[in-house]
Amino acid sequence: MTFTNNIKINNVTLSSTEPRYSNESWTGAMITRSTGIQYYTLQFGLSFNQRDVAEYHAFVSQYSQGKPFTMALGHLSTYKGSQVGAVSTTSPAVKGIYQINTTANTLEIGTLIQFSNHRKIYRIIGRTGNTIQLFPNLRANVQTNETIRYTSIEGEFVLLPDNEYQLPISNVMSVQLKARENL
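If you're matching positions, the sequence shown starts at 2 in our numbering and goes up one per residue.
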């Protein structure tokens, strides 16, 4: 998503939606089950002057009907770990699995990553040597030598239908919008 410097993006909140339930068994063990797919939701504000309302209208007109847009994740896009250099896959992986074989790396648990062939955002939840475990499971096949992005992450989102698109009548305008990761 590209705005000129006339529109400021602010109050960005990224949330992970992970549908699941838990139950306690008769032995006291906690059982947790995933009941759906994981996706990210995004809330963000746009602030601009009245003279720049046409740029806001152009964005809403282009994306309010379900067309995906990309948005950098701010400081969440900036990798702060010890990995230096490129990381790629060393074998193909089919959608639905969660373990990926990679080149030597030091990517930490909790790092957000993306693959070069699709924009889904994944989180590293474990690692053993050069095998990383992801959450959620792969949503698309990954080929051998595919680059793994761990910095400059951009999500692909669609505006939610319950956005109200209300504009205040004032010189300085501020609107709040909600979006969901494009699945």
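Built from N, CA and C at the ideal position, the CB exists for glycine as well. Computed from a predicted structure; not experimentally measured.
Could you give the distance in angstroms between the alpha-carbon of residue i and the alpha-carbon of residue j?
| i | j | result |
| --- | --- | --- |
| G111 | Y64 | 31 Å |
| T148 | A73 | 18 Å |
| A141 | V95 | 7 Å |
| G156 | L139 | 16 Å |
| K81 | S89 | 19 Å |
So, is residue i buried or exposed, given that buried needs 16 or more other C-beta atoms within 10 angstroms?
| i | result |
| --- | --- |
| V54 | exposed |
| Y41 | buried |
| R120 | buried |
| Y166 | exposed |
| A180 | buried |
| L113 | buried |
| I133 | buried |
What residue from the options has the CA that sits closest to residue i's CA?
| i | options | result |
| --- | --- | --- |
| S26 | R34, E165 and A141 | R34 |
| S78 | I10, I154 and V159 | I154 |
| N185 | S83, P20 and I170 | The question about residue 185 has no answer here: the residues shown for the chain are numbered 2 through 184. |
| S16 | Q39, N24, N6 and S117 | Q39 |
| P93 | L178, F116, G37 and F4 | F116 |
| L160 | T71, N7, T5 and T36 | T71 |
| H76 | Y151, N183 and I133 | Y151 |
| E182 | I8, T14, A30 and I10 | T14 |
| P20 | L178, T36 and I32 | T36 |
| L135 | D163, T103, P162 and N146 | T103 |
Indicate whether at least one CB of chain B lies closer than 8 Å to the CB of residue i.
| i | result |
| --- | --- |
| T14 | You won't find chain B in this structure, because it holds only one protein chain. |
- Query: Should the region 117-127 be regarded as contacting the region 42-49, the criterion being three or more beta carbon pairs within less than 8 Å?
  - Reply: Segments in contact, no.
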